[in-house]
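Trainee: Mapping of the sequence shown onto my numbering: residues 309 to 428, in sequence order.
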Amino acid sequence: MADDARKYPRYQLIATAVIRTENDYRKRISSLIENISLNGIGLRTYRHIDSGTETSVELIFMTRRGMKAIANVKGRVAWISQKNDFFSLGISLDEEVSREKHPILYEYYSKGVTRYIWNK
Numbered sequence: 309m310a311d312d313a314r315k316y317p318r319y320q321l322i323a324t325a326v327i328r329t330e331n332d333y334r335k336r337i338s339s340l341i342e343n344i345s346l347n348g349i350g351l352r353t354y355r356h357i358d359s360g361t362e363t364s365v366e367l368i369f370m371t372r373r374g375m376k377a378i379a380n381v382k383g384r385v386a387w388i389s390q391k392n393d394f395f396s397l398g399i400s401l402d403e404e405v406s407r408e409k410h411p412i413l414y415e416y417y418s419k420g421v422t423r424y425i426w427n428k
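What follows is the structure, given as C-alpha cells:
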C-alpha cells in the first residue's frame, strides 16, 4: 500500500511481540515490531501466518520514560511476504489504538517523531 493512501502515519517502534493465532492460541510466535500506526502493525517473524488469520498480539516495548510496557491488541493478517529466511507481515487492527483502551501505546504513538515509510 502506498504511504499516502494510509489513514494514519506509521512510526518506527523497535520492539518485540508475541503473536497468537485463531488456529492455535496456545502457540506463541515471536516477532519483531518494525512500525505501528493507530490501525496497523508491521512485523517480522520466522513463521508463516496465512493472510486473513485472526491474531492476538502482545507488544513489549520501552516507553519514552524508559519503562517496560506491554500492550495487547487484536487484528487480522492483512498481507505477508517472504524476505530471505523471514516473513514480513502487516496486521490490520480490529479497533484503532486509543487513549482510552491502549493508553501507554497511544502515548508512545502520539509523540512519535520519525515518520516511517513502509516498503513491502
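A virtual CB, placed ideally from N, CA and C, is assigned to each residue, including glycine.
Am I right that I412 and A379 are in contact with their C-beta atoms under 8 Å? What's the rounded C-beta distance?
Mentor: As a first step, residue 412 must be located in the sequence shown, where it is residue number 104. As a first step, residue 379 must be located in the sequence shown, where it is residue number 71. The Cβ separation is near 6 Å, so the contact holds.
Trainee: Going straight from the alpha carbon of V405 to that of H356, what length do you get?
Mentor: In the sequence shown, the residue the question calls residue 405 occupies position 97. In the sequence shown, the residue the question calls residue 356 occupies position 48. Each residue's alpha carbon lies about 25 Å from the other.
Trainee: What does DSSP give as the partner residues of M370 in its beta bridges?
Mentor: Along the sequence shown, one-based indexing puts residue 370 at 62. K376.
Trainee: Could you say which of S339, Q320, I349, A323 lies nearest to E403 if we only look at CA atoms?
Mentor: Numbered from its first residue, the sequence shown carries residue 403 at position 95. Closest by alpha carbon: I349.
Trainee: How about T329 and T353: are their beta carbons less than 7 Å apart?
Mentor: On the sequence shown, residue 329 is found 21 positions in, with the first residue counted as 1. On the sequence shown, residue 353 is found 45 positions in, with the first residue counted as 1. In this structure, T353 does not lie closer than 7 Å to T329 by Cβ.
Trainee: Suppose contacts are defined by Cβ-Cβ distances below 7 Å. Is I327 in contact with V381 by that definition?
Mentor: Counting from one through the sequence shown, the residue named residue 327 turns up at place 19. Counting from one through the sequence shown, the residue named residue 381 turns up at place 73. No, Cβ-Cβ distance for I327 and V381 is not below 7 Å.
Trainee: Shorter than 7 Å from the beta carbon of A379 to some beta carbon of chain C?
Mentor: Reference to chain C is not applicable here, since this structure consists of a single protein chain.
Trainee: Out of T363, W387, F394, state which residue places its alpha-carbon closest to the alpha-carbon of L340.
Mentor: Within the sequence shown, the letter at position 32 stands for residue 340. Closest by alpha carbon: F394.
Trainee: Just the C-alpha distance for L397 and L367, rounded to the nearest angstrom, thanks.
Mentor: Working through the sequence shown from its first residue, we reach residue 397 at position 89. Working through the sequence shown from its first residue, we reach residue 367 at position 59. Going from the Cα of L397 to the Cα of L367 covers about 15 Å.
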